[in-house]
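Peer 1: Each residue of the sequence shown is one higher than the one before, counting from 5 in the working numbering.
First the structure, then my questions, so here it is.
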Amino acid sequence: MSKKYKVMTIVGTRPEIIRLCEVIKRLDKDYDQVLVHTGQNYDYELNEIFFKEFGLRKPDYFLGAVGENLGHTMGNVIAKSYDLINEVKPDCVLILGDTNSALSAISAKRLKCPIFHMEAGNRCSDWNVAEMTNRTIVDQISDVNMPYSFYAYGNLIKEGLDVNRIVKTGSPMKEVIDRYKDKIESSDILSKLGLEKDKYIVISSHREENVDIESKFNRLFPALNKIVDELKMPAIFSVHPRTRKRLESKGFKLSSYIREEKPFGFFEYVKLEENAYVVLSDSGTLSEESSILDFPGVLIRTSTERQEANIHGSIVLGGVDYDSIKQGIIEARKIHKGNVKLKIVPDYDTDEVSTIVSKTIAKYIDIVNKETWLKE
């Protein structure tokens, strides 16, 4: 590369850091990278531990965008990222996904700064899912969209986006898992928690639509209690701050089989997942991790934006009711514990995403600046 472009990478949550860790390292080599953390959910368990685990340098800027309510937080993300982009003047901005931090794309657009958007095109067609709104907005205003799958690619085409500005990258998760496979395998988290392979359950639930919508909360959490009581297995519940606050405010009592734990580090959590009887989660990464690592996973959601995993049959959409989750566990065990090993979802079976992203930026940055923004 003849010129060291200045690339501003913006993150704000744990999933973004995990997915981008290898991309960030690659961009540090190829570009003058400015790493920004919005502070969307910045506490040690949720963020800082991952910077340390993945050997990432500290962000160059921390925006402290959390406000008194959601509206203030979104406003702060836009306002503070606008000021920073205007000051630093990067050649482009890299954003991943659908969080409130991704709304910094609005600032970049108004400042005529090219936007590269990873994890574009995912659609669950459920507007109760806050991330659906965020991702749709960011997809529409991004200059180059980088979907993981052909399903997401097709969504962007159907919505009228320029096919010449869409680059399918595949999911970055396999590259991350492969890179840290030894550290995952050497984790002693099972012995620390007194667990045996295939004799415990992993639970996580943090999504706004499951925790904050009363009708879903009142179906999901009693269902989880009933299921673990019937299975009579310890259930490790990695409790997100939003979920903990909601449980406490409602005075909801979890089953005695459910063990509440603070959020784990990535290596510990993946080790727990791949050795569990089943993983019950509303996490966006479950579809990918279950396919890549071949463990039984049930999405405790009523919709999913990762249809490629549904179509491939590697994940079960279990809903939030007792009967559907129970049946989902049976199906997930059949899929992943049978005699024939299920192949990885093709869109997840790549370990070159960091290279693809870096080369995509190099290919398109001048094109966007000249053709869209008429810059010399």
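From the three backbone atoms N, C-alpha and C, an ideal C-beta is built for every residue, glycine too.
#1: Just confirm the distance between the C-beta atoms of GLY16 and GLN37, as a whole number of angstroms; I'd bet it's less than 8 Å.
#2: Flag this pair as yes or no: are the beta carbons of VAL324 and ILE304 separated by less than 7 Å?
#3: So, are the CB atoms of ILE21 and PHE54 less than 7 Å apart?
#4: Taking all protein chains shown into account, do 16 or more other C-beta atoms lie within 10 angstroms of the C-beta of GLU163, making it buried, or fewer, making it exposed?
#5: Which residues in the same chain have their Cβ closer than 7 Å to the Cβ of PHE270, if we skip the five residues on either side of it in sequence?
#6: Could you give the residue range of the beta strand (DSSP E) that holds LEU303?
#7: Judging by CA-CA distance, which residue of ALA227, ALA239, ASP233, LYS266 is the nearest neighbour of ARG246?
#8: Measure from the alpha carbon of LYS8 to the alpha carbon of each residue in ASN73, ASN90, THR77, PRO94, then state which is nearest.
#9: Beta-carbon separation of VAL361 and VAL27 under 7 Å?
#10: On the criterion of 16 or more Cβ atoms from any shown chain inside 10 Å, does LEU84 qualify as buried, or is it exposed?
#11: Please check the pair ASN138 and LEU107, which I expect to be a contact at CB under 8 Å, by giving their CB distance rounded to whole angstroms.
#12: On the three-state DSSP scale, how would you describe MET5?
#13: Tell me, to the nearest whole angstrom, how far the beta carbon of ILE231 is from that of TYR326; I am working on the premise that it is less than 8 Å.
#14: Going by DSSP in three states, GLU265 sits in which element: helix, strand or coil?
#15: Just tell me which of LEU378, ALA112, PHE225, ASP102 has its CA closest to the CA of MET122.
Peer 2: Based on what the coordinates show:
#1: Their Cβ separation, rounded to whole angstroms, is 16 Å, which puts GLY16 and GLN37 out of contact at 8 Å.
#2: yes
#3: yes
#4: GLU163 should be labelled exposed.
#5: ILE22, PHE54, GLU57
#6: 301-303
#7: LYS266
#8: Closest option to LYS8, Cα to Cα, is PRO94.
#9: yes
#10: In the sequence as presented, Leu is not what sits at residue 84; that position holds Lys. It is buried - the Cβ of LYS84 has at least 16 other Cβ atoms within 10 Å.
#11: 6 Å
#12: For MET5, the pLDDT reaches just 45, beneath the cut-off of 50, and the residue's location in the model is therefore unreliable, leaving the point undetermined.
#13: Right, the Cβ-Cβ distance comes to about 7 Å (below 8 Å), so this counts as a contact.
#14: strand
#15: ASP102
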